[in-house]
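Residue numbers (my numbering): 41 to 269.
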């Protein structure tokens, strides 16, 4: 089929066509001192995947954050971007306090927890957060997607830790239930346990089929479907 033929097709016909997976694999970040950056990201506990050099003019290093399907690369002559210009790089965590505590223990300088002012915009923030004004402390209602902390690498590339406990509908593949790490799985189990405790209280009896209830809760939660009661 030619490009012209595809353009002339009705939108419904195109929308029903099989899609090809486009998996975000690597994000390039610009640094000025390659070894300094390598030491920084290794110190965070990220997995070193590659450190390859070709002569004196080219070097590429790849790291992958724990539980992430996407990696970062940096090095010498891998990007023309100015060092430190990468901002608003999101690291999604299921427990923001735990993630911040671990990073602090590793020597990273992590901000206090904050949330946005809810529609109040005051221009660019550092690291960039859609220009929203920051408010100290976690989201008062502890809503998913609403609590943050931030850190920077030695060049000033800005990272945001965002707490996500429940995905919005349509944000995940409902064909499967997956967890990126044991920490994320444990957090889901704790939420299921808390909800199951309320379930047992309302029924006035112990639930011997609690594994089935936990599984149903966790699958529905990740798919954004109504939770069992």
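Even for Gly, the Cβ is constructed at its ideal location relative to N, Cα and C. Keep in mind the model is a prediction, meaning the values are calculated, not measured.
Unbroken beta strand (DSSP E) run spanning residue i, endpoints
i: residue 90; result: 87-93
i: residue 176; result: 172-176
i: residue 154; result: 154-161
i: residue 115; result: 111-116
Where the alpha helix (DSSP H) through residue i begins and ends
i: residue 239; result: 222-243
i: residue 202; result: That residue, residue 202, is in no alpha helix (DSSP H); its beta strand (DSSP E) goes 198-203.
i: residue 141; result: 136-145
i: residue 74; result: 74-83
i: residue 257; result: 250-263
Buried or exposed (CB count within 10 angstroms, at least 16 for buried), residue i
i: residue 182; result: exposed
i: residue 171; result: exposed
i: residue 71; result: buried
i: residue 144; result: exposed
i: residue 114; result: buried
i: residue 53; result: Summary for residue 53: the model assigns pLDDT 46, below 50, so the residue's position carries little reliability; its value from the coordinates is reported in the next sentence. With fewer than 16 Cβ atoms within 10 Å of its Cβ, residue 53 is classed as exposed.
i: residue 41; result: Legend: pLDDT at residue 41 = 43, less than 50; position of this residue unreliable, no value from coordinates given.
i: residue 161; result: exposed
Nearest neighbour of residue i, chosen from the options [CA to CA]
i: residue 199; options: 224, 128, 114 and 86; result: 128
i: residue 206; options: 194, 187, 191 and 84; result: 187
i: residue 168; options: 137, 113 and 124; result: 124
i: residue 204; options: 74, 81, 151 and 219; result: 219
i: residue 94; options: 118, 260 and 244; result: 118
i: residue 81; options: 136, 126, 146 and 137; result: 146
Residues near residue i by beta carbon distance below 7 angstroms, same chain, minus five either side
i: residue 139; result: 133 and 201
i: residue 174; result: 154, 156 and 165
i: residue 121; result: 70
Own chain residues within Cβ distance below 6 angstroms of residue i, not counting five before or after
i: residue 76; result: 194
i: residue 228; result: 258
i: residue 112; result: 67, 69 and 103
i: residue 224; result: 134
Check whether residue i and residue j have beta carbons under 9 angstroms apart
i: residue 98; j: residue 116; result: yes
i: residue 62; j: residue 109; result: no
i: residue 191; j: residue 149; result: yes
i: residue 232; j: residue 240; result: no
i: residue 189; j: residue 242; result: no
i: residue 184; j: residue 107; result: no
i: residue 89; j: residue 78; result: no
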